[in-house]
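This report refers to the structure that appears directly beneath it.
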Amino acid sequence: MVAPPTLPADARLREYMTSAPIYSGGGGSTNLVADSTIDVPENTQIVDLAIDYYGKRLAVCGDRVIFVYEISTAGENIVSKLATGTEEARLVARLEHPDVAGPLQQICWSDPTQGTMIAACGACGSVMLWREGRPGDWSLVWRERLDGAATTVQIGPKEFGLFIAAGSSSGLVTIFEAQNQTGPLMKIGVLKAHQNGVSSVSWAVPVSPATLASGPAVQGGYMMPALRPRRLVSGGFDSNVKIWRWNADDKKWVEEGTLSSSGDSPPVPPNPEGDQHPSGGGSTVPPPTSHAGPVRSVAWRPNIGIPSNFLASGSEDGTCKIWVQTMEGLNWQNSATIHVENNLPVNRVTWSVTGLCVCLSCGEEETVRIFKEDLDNQWRRVDRAE
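For what it's worth, my numbering labels the leading residue of the sequence shown as 1077, then goes sequentially.
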């Protein structure tokens, strides 16, 4: 399995990281360890970053620790301000658990209506959820271990309650659900997703695009948007992008299919007989894949008011593909392919809040490229940030 991309840690930032309160989890609870410090090795790498809903706090994960910063007035030059420890960007907590034996891989924030929570996953297979009670008082409220290294984690849309999807190097995507916002999460589904490991997962937007065309439903005298079935997209090191859906009748997750790079074609359906599809004469041919190389990242686009579904997938083949489903139930199409110069691998894809722009993080230097669709349905680069 290919290791996840990393961002080099600034030496001044590492030095400043030793000054924050430590929340150390043990025995199912966490306690503030007063007057404690951690020696941060010189080779510490920052693996992932996540900014909260309001853009006021930044979580950074590296070796086995999550660093939480207040950045409410940070503005530009955020890395410099983090490293120098100004009041505009100050380190407020370090979260760690003694049973996390390897580096963390990914972190994400919850929606603020669910409370202040950070989900994280690590190479030791741990998936965990940290919750802030009173301001500055963090506790580890849940932890589970997956088969293989946990490579990706995402908290689901708030409209469906508290859900977590986590992928692992074993090729499985595991879904967890909490019966209420304060209760423990229980395993409700294990999806056999990708050979060679899962690299990324992303939840679908909860509101059906069809609602935007026909108007919201009326419930209890209030205008309420119609919710569609829970859906999830996963990307893997087998070069595929897969769509998953919750079947409310059977109470289980089912695979809708694999997105095919052959254009306007239905997703390749799951094959119970194996990974090869028969092609007459007793011979077998490999099924089409979504990309020519391992998929590193997938992202479901926020709904911006049109009755369509959009996905972005980034791959080691140096491309980001835009997939569109014009209406619910129709086939997915590869509507556009963005080619990165020098075939730099696309390590991360992210949509803007409005869904109008897609941001790519590419290559070993993690250079940033932002693309926007023009009136001719061409995706043009609109930045020069390097």
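C-beta atoms are modelled at their ideal positions from N, C-alpha and C, and glycine is treated no differently.
When you compare each of the options to residue i by their alpha carbons, which one comes out closest?
{"i": "THR1192", "options": "ASP1213, LEU1180, GLY1198", "result": "ASP1213"}
{"i": "ARG1219", "options": "VAL1203, GLY1333, ALA1226", "result": "VAL1203"}
{"i": "GLU1146", "options": "VAL1168, ARG1140, PRO1179, GLY1138", "result": "VAL1168"}
{"i": "ARG1166", "options": "ASP1175, VAL1136, GLY1178, GLN1182", "result": "VAL1136"}
{"i": "SER1384", "options": "ASN1407, PRO1362, GLY1390", "result": "ASN1407"}
{"i": "LYS1448", "options": "ALA1412, GLN1271, ILE1127, VAL1422", "result": "ALA1412"}
{"i": "GLU1208", "options": "GLN1190, CYS1197, ARG1221", "result": "GLN1190"}
{"i": "LYS1397", "options": "GLU1404, GLN1409, GLU1417", "result": "GLN1409"}
{"i": "ILE1382", "options": "VAL1217, GLY1232, LEU1216, THR1402", "result": "THR1402"}
{"i": "THR1228", "options": "GLY1259, LEU1216, ARG1210, VAL1309", "result": "VAL1309"}
{"i": "GLN1230", "options": "VAL1422, VAL1217, ASP1187", "result": "ASP1187"}
{"i": "LEU1387", "options": "LYS1318, GLY1405, PRO1364, GLU1417", "result": "LYS1318"}
{"i": "VAL1422", "options": "VAL1400, GLY1405, GLY1390, TRP1399", "result": "GLY1390"}
{"i": "TYR1130", "options": "THR1365, TRP1399, TRP1185", "result": "TRP1185"}
State buried or exposed for residue i, treating a residue as buried only when at least 16 other CB atoms are found within 10 Å of its CB.
{"i": "PRO1305", "result": "exposed"}
{"i": "VAL1458", "result": "exposed"}
{"i": "HIS1415", "result": "exposed"}
{"i": "ILE1240", "result": "buried"}
{"i": "LEU1432", "result": "exposed"}
{"i": "ASP1450", "result": "exposed"}
{"i": "THR1430", "result": "exposed"}
{"i": "ASP1325", "result": "exposed"}
{"i": "SER1336", "result": "buried"}
{"i": "ARG1456", "result": "exposed"}
{"i": "ASN1453", "result": "exposed"}
{"i": "PRO1362", "result": "exposed"}
{"i": "ASP1175", "result": "exposed"}
{"i": "GLY1232", "result": "buried"}
{"i": "ASN1256", "result": "exposed"}
{"i": "GLU1440", "result": "exposed"}
{"i": "VAL1210", "result": "The sequence shown places Arg at residue 1210, not Val. Exposed is the call here."}
{"i": "ASN1379", "result": "buried"}
{"i": "ALA1242", "result": "buried"}
{"i": "SER1338", "result": "exposed"}
{"i": "GLY1546", "result": "Residue 1546 lies beyond the stretch modelled for the chain, which goes from 1077 to 1462, so this question has no answer here."}
Tell me which same chain residues have a C-beta within less than 6 Å of the C-beta of residue i, skipping the five on either side of it?
{"i": "ASN1323", "result": "VAL1330"}
{"i": "ARG1424", "result": "SER1373, SER1437"}
{"i": "GLY1265", "result": "ILE1251, TRP1329"}
{"i": "VAL1141", "result": "ARG1170, GLU1172"}
{"i": "THR1395", "result": "THR1413, HIS1415"}
{"i": "VAL1217", "result": "LEU1205, ARG1207"}
{"i": "ALA1368", "result": "ASP1393"}
{"i": "CYS1435", "result": "THR1426, ILE1446"}
{"i": "LEU1134", "result": "ILE1127, TYR1145, ILE1147"}
{"i": "LYS1268", "result": "none"}
Short of 8 Å in beta carbon distance, which residues of its chain neighbour residue i, apart from the five on each side in sequence? Order them along the chain.
{"i": "ASP1223", "result": "GLY1201, SER1244, SER1246, LEU1248"}
{"i": "GLU1235", "result": "PRO1282, VAL1283, LEU1303"}
{"i": "LEU1420", "result": "GLY1394, CYS1438, GLY1439, THR1443"}
Would you identify the three-state DSSP class for residue i, choosing helix, strand or coil?
{"i": "GLN1230", "result": "strand"}
{"i": "THR1430", "result": "coil"}
{"i": "PHE1313", "result": "coil"}
{"i": "PHE1447", "result": "strand"}
{"i": "ASN1419", "result": "helix"}
{"i": "GLU1208", "result": "strand"}
{"i": "GLU1235", "result": "helix"}
{"i": "GLU1146", "result": "strand"}
{"i": "LEU1261", "result": "strand"}
{"i": "ILE1382", "result": "coil"}
{"i": "SER1336", "result": "coil"}
{"i": "SER1366", "result": "coil"}
{"i": "GLU1220", "result": "strand"}
{"i": "ASP1124", "result": "strand"}
{"i": "GLY1243", "result": "strand"}
{"i": "ASN1407", "result": "coil"}
{"i": "ASN1107", "result": "Note that ASN1107 scores a pLDDT of 36, beneath 50, so its modelled location is shaky; the value from the coordinates is reported in the next line. It is a strand residue."}
{"i": "THR1250", "result": "strand"}
{"i": "GLY1273", "result": "coil"}
{"i": "GLU1465", "result": "There is simply no residue 1465 to check, as the chain begins at 1077 and stops at 1462 in what is shown."}
{"i": "ASN1323", "result": "strand"}
{"i": "SER1341", "result": "For SER1341, the predicted model reports a pLDDT of 49, less than 50, meaning its position is unreliable; a value from the coordinates is still stated below. Looking at SER1341 - three-state DSSP - the assignment turns out to be coil, as it is neither helix nor strand."}
{"i": "LYS1328", "result": "strand"}
{"i": "GLY1390", "result": "strand"}
{"i": "LYS1132", "result": "coil"}
{"i": "GLN1401", "result": "strand"}
So, at 7 Å on beta carbons, what are the nonlocal neighbours of residue i in its own chain, with the 5 sequence-adjacent residues on each side left out?
{"i": "MET1262", "result": "PHE1252, GLU1253"}
{"i": "ALA1199", "result": "GLY1178, PRO1179, GLN1181, ALA1225"}
{"i": "TYR1298", "result": "Here TYR1298 scores only 45 on pLDDT, less than 50, and its place in the model is too uncertain to base an answer on."}
{"i": "LYS1327", "result": "none"}
{"i": "TRP1376", "result": "SER1278, TRP1279, ALA1280, VAL1281, VAL1309, LEU1387"}
Within 7 Å (strictly less), CB to CB, does residue i reach chain C?
{"i": "LEU1308", "result": "Although the question refers to chain C, the structure presented lacks it and comprises just one protein chain."}
Exercise for the section: Let me know the beta strand (DSSP E) ranges lying completely inside the region 1157 to 1206, each 3 residues or longer, listed in chain order. Expected result: 1166 to 1172, 1180 to 1185, 1192 to 1198
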